[in-house]
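Participant: The numbering of the sequence shown is UniProt numbering, which starts it at 1 and goes up by one.
Cβ atoms here follow ideal geometry from the backbone N, Cα and C, with glycine treated the same way.
Once you've had a glance at the structure underneath, I'll fire off some questions.
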Amino acid sequence: MHRARHKTTWTGFINIYNQIDYIICRSKDKALFTDARSYGGSNIDSDHKMVIARISLNKHLNNTNIKGRQDILRKRILDLNGLSIQQMGDNYRKYLDTYLGSVETNQPFPKLWGQIQESIRGAAEKQLMDREMVTTSPNGTTEISLLAKKQKSIWLQYLNTENKHIKEKLGRERLNIKKKIKKCVFYMSRKEAEIQIKAMEALKDNGRSNSKGIDGYTGHPRKLELEITPAEVQRACADLKNNKSPGPDGLGPELLKYGSEKLNVLIADLFNGMFKTNNHLPLGRGILVPVQKPNKAKGKVENLRPVILMNSIRKVLAIITLERIKPRTELFISAFHSGFREGRSTSDIVWIHRWHCSAIQSSKMRHIFLTLICQELLSRLTVEISSY
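Structure, rendered in structure tokens:
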């Protein structure tokens, strides 16, 4: 315990002692502080005392190895957003063609696909810059950052000004900027929440289904009557969405979407050779991520939706398959079916349901509705969960 003179940080003219100064630090660094006390007699233009804190660096040094290992194990992330820029995309395709030129095509398809993946990673690392794994927050946006800097500048002017009228003007201006910051944070947070809720609601409860998955093809290998062309691969890769989490291979969809023509040719040859030799690629691997259902109690398994992060190459094959079977499925799928169909929206589904309700109410007869989701069929394929 310290004496009273080392606990107080401010002394008034009539012997008033207060402790009004504090040391601000991060919560995780609080354990490093071993002592803090105040000292008077400093020759400065202030009526506050000098506060000195003592920190034990032994605790920090003992944890250095652990933190170092965590940094090494931290997953490397490339900033794939730059591929949408024309110049960076052209450079990436040029590097990719250079790396793919050394790939040996006369080898088993799984091994060949492994070399193609390494070529894609090498070209991406040569062209793109790494980005840190940080949690995004509303304060990280450009608009809010500019407003925050402006608000801070006005606050410093307010503190350094003694004119009452100027202070009132700066105070009103700072208050308006703070309102704008709160408004921006509110709208951005609501937008992010709506996107997450919409994504979670779009997922199906496949994990709770007891139906058996569709087994893979086990017949004799045979060549496709209509082989997959590089143009089909290019169109399928163009349909991949940006900023999506990759599967176990770690290849983001942008690396295939902005790839070169040579990459499309190799992927088409891989798919055709896979069917010709029955030597399949590891397309069934995925990462299982349990997503909490909105407005449901945490802790119960039935309140989780299983989401599987698939490899981008599987998504390409799935899109090609959907495009090929679309002319056949359009012949027997009802015109009232809007799920996962091109040119249909939520408003079409609402209108159809209202039309059905009015028809049922007028006829007062029992109606049975049969629906079919083609994408549900592909999601039923056997999936090998590699990690959690």
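State the DSSP-derived secondary structure class of Val340, mapped to helix, strand or coil.
Facilitator: This sequence places Phe at residue 340; Val is not what is there. Note: Phe340 maps to coil in three-state DSSP.
Participant: Where Arg324 and Glu232 are concerned, what is the direct C-alpha to C-alpha distance, given to the nearest angstrom?
Facilitator: Going by the C-alpha atoms only, they are around 10 Å apart.
Participant: In whole angstroms, give me the CA-to-CA distance for Leu317 and Lys300.
Facilitator: Roughly 35 Å separates the two Cα atoms.
Participant: Output yes or no for whether 8 Å exceeds the beta carbon distance between Arg305 and Leu283.
Facilitator: For Arg305 and Leu283, no; Cβs fall outside 8 Å.
Participant: Could you tell me which residues DSSP pairs with Phe271 in its beta bridges?
Facilitator: Its beta-bridge partners do not exist; DSSP assigns none.
Participant: With DSSP collapsed to three states, give me the class of Gln107.
Facilitator: The answer is coil: DSSP assigns Gln107 none of H, G, I, E or B.
Participant: Are Asp249 and Gln117 close, meaning C-beta to C-beta below 8 Å?
Facilitator: Result yes, Cβ atoms of Asp249 and Gln117 sit closer than 8 Å.
Participant: May I ask you to list the residues that DSSP assigns as paired with Asp35?
Facilitator: Answer is Arg54.
Participant: To the nearest whole angstrom, what separates the beta carbons of Leu240 and Pro230, a pair I think is in contact under 8 Å?
Facilitator: Not really, about 16 Å apart at Cβ, beyond 8 Å.
Participant: Short check: CB of Leu146 to CB of Leu80, under 8 Å?
Facilitator: It is not a contact, given that the beta carbons lie outside the stated cut-off.
Participant: Whole angstroms is fine: what's the gap from Gln361's alpha carbon to Trp351's?
Facilitator: So the alpha carbons of these two residues sit roughly 15 Å apart.
Participant: I need the boundaries of the beta strand (DSSP E) containing Val289, first residue and last residue.
Facilitator: Per DSSP, Val289 belongs to the beta strand (DSSP E) from Arg285 to Gln292.
Participant: Do Tyr258 and Gly89 count as a contact pair if the criterion is CB distance below 8 Å?
Facilitator: Contact: yes.
Participant: Please state if the CB of Met310 and the CB of Phe109 are separated by a distance shorter than 8 Å.
Facilitator: Not closer than 8 Å, so no.
Participant: His304 by DSSP, collapsed to three states: which one?
Facilitator: A quick correction: the sequence has Leu, not His, at residue 304. Of the three classes helix, strand and coil, the one that applies to Leu304 here is strand, per DSSP.
Participant: With Tyr99 and Ser119 assumed to form a contact (beta carbons below 8 Å), what rounded beta-carbon distance in angstroms separates them?
Facilitator: With a Cβ gap of about 4 Å, Tyr99 and Ser119 count as contacting.
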